[in-house]
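Presented below is the structure to which this report refers.
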Amino acid sequence: SQQGEEDPQALSIQEGENATMNCSYKTSINNLQWYRQNSGRGLVHLILIRSNEREKHSGRLRVTLDTSKKSSSLLITASRAADTASYFCAAGGGADGLTFGKGTHLIIQP
Amino acid sequence: EPEVTQTPSHQVTQMGQEVILRCVPISNHLYFYWYRQILGQKVEFLVSFYNNEISEKSEIFDDQFSVERPDGSNFTLKIRSTKLEDSAMYFCASSERQYSNQPQHFGDGTRLSIL
Numbered sequence: 005s006q007q008g009e010e011d012p013q014a015l016s017i018q019e020g021e022n023a024t025m026n027c028s029y030k031t032s033i034n035n036l037q038w039y040r041q042n043s044g045r046g047l048v049h050l051i052l053i054r055s056n057e058r059e060k061h062s063g064r065l066r067v068t069l070d071t072s073k074k075s076s077s078l079l080i081t082a083s084r085a086a087d088t089a090s091y092f093c094a095a096g097g098g099a100d101g102l103t104f105g106k107g108t109h110l111i112i113q114p
Numbered sequence: 043e044p045e046v047t048q049t050p051s052h053q054v055t056q057m058g059q060e061v062i063l064r065c066v067p068i069s070n071h072l073y074f075y076w077y078r079q080i081l082g083q084k085v086e087f088l089v090s091f092y093n094n095e096i097s098e099k100s101e102i103f104d105d106q107f108s109v110e111r112p113d114g115s116n117f118t119l120k121i122r123s124t125k126l127e128d129s130a131m132y133f134c135a136s137s138e139r140q141y142s143n144q145p146q147h148f149g150d151g152t153r154l155s156i157l
């Protein structure tokens, strides 16, 4: 399967600091997506990076993709308390559905 | 902003009973999905649906499960003869197109508790 696996499993930082989460996957991909899940809520799409892209930005989010290492990272700059959530990378999609990792639980300390 | 809505938010059912989980996808979306998240585990794909038929289904989606789009707005997941291990969060999602480069929009889920 095109599993995504995130690390670390949990991350606690001070507000204003940057948070970096990593994701590894097993098979070749066309693109990789990142989602956020607030406690008790559904997943929210954050950003998609295509296999021919190396870096992509969206606001305070920066995603990188290294297809040779089958890995991606999500950087959140200038973190805020509202960024506290679980973050998931997801491979696949389309008719086959998305394959998610276990996620990184991010806690932003005020 | 349009969103996917799911009802009920929490369903408690006796083992062996049938349960129907309901979803209203975003109105102009054509592709629909169900996912499951057992407490503490990954979100897992169950089934994708397009043009009133199943596109793909995972190994989890056995004969106990069925999906239906009974009208122009609702998309349902039926679980027959529920088991204890069916206890999980069930998420509905929709996308405008069924390509892997399309973001999927998720509802807030239904927490299913089997007693």
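As you go down the protein sequences, you meet chains A and B in turn.
Numbering of the first sequence is given in the numbering used here, commencing with residue 5 and proceeding in unit increments.
Numbering of the second sequence is given in the numbering used here, commencing with residue 43 and proceeding in unit increments.
Just so you know, even glycine gets a beta-carbon here, dropped at the ideal spot from N, CA and C.
Given the structure is predicted, the values throughout are model-derived calculations rather than measurements.
Of the residues the options, which one's Cα is nearest the Cα of residue i?
i         : options                                    : result
Asn94(B)  : Gly82(B), Val85(B) and Ser108(B)           : Ser108(B)
Gln13(A)  : Ser55(A), Ser77(A), Ser90(A) and Tyr39(A)  : Ser90(A)
Phe104(A) : Ala95(A), Glu21(A) and Leu110(A)           : Ala95(A)
Asn143(B) : Gln41(A), Ile53(A), Arg40(A) and Cys27(A)  : Ile53(A)
Ile33(A)  : Gly63(A), Ser76(A) and Asn26(A)            : Ser76(A)
Ile96(B)  : Arg78(B), His52(B), Gln83(B) and Leu119(B) : Leu119(B)
According to DSSP, residue i sits in a beta bridge with which residue or residues?
i         : result
Met131(B) : Gln79(B) and Arg153(B)
His49(A)  : Tyr39(A)
Ser16(A)  : Ile111(A)
Gly96(A)  : Leu102(A)
Closer than 8 Å by beta-carbon distance: list the chain B residues that pair up with residue i, in chain order.
i        : result
Gly63(A) : By Cβ distance, chain B contributes nothing, its closest Cβ being about 15 Å from Gly63(A), past 8 Å.
Leu52(A) : Asn143 and Pro145
Between residue i and chain A, is there a C-beta pair that is closer than 8 Å?
i         : result
Tyr132(B) : no
Phe148(B) : yes
Gln53(B)  : no
Glu138(B) : no
Val109(B) : no
Ser155(B) : no
Ser97(B)  : yes
Determine, for residue i, whether the minimum Cβ-Cβ distance to residues of chain B falls below 8 Å.
i        : result
Asn26(A) : no
Leu79(A) : no
Ala99(A) : yes
His49(A) : yes
Going along chain A in order, which residues have a C-beta closer than 8 Å to the C-beta of residue i?
i        : result
Asn70(B) : Within 8 Å Cβ-Cβ: nothing; Asn70(B) doesn't reach chain A, min ~16 Å.
By the criterion of Cβ-Cβ separation under 9 Å, what are the contact partners of residue i in chain B?
i        : result
Gly20(A) : By Cβ distance, chain B contributes nothing, its closest Cβ being about 28 Å from Gly20(A), past 9 Å.
Runs of beta strand (DSSP E) wholly within the segment 92-119 of chain B (minimum 3 residues, chain order): The segment 92-119 of chain B contains these whole beta strand (DSSP E) runs: 95-99 and 107-110.
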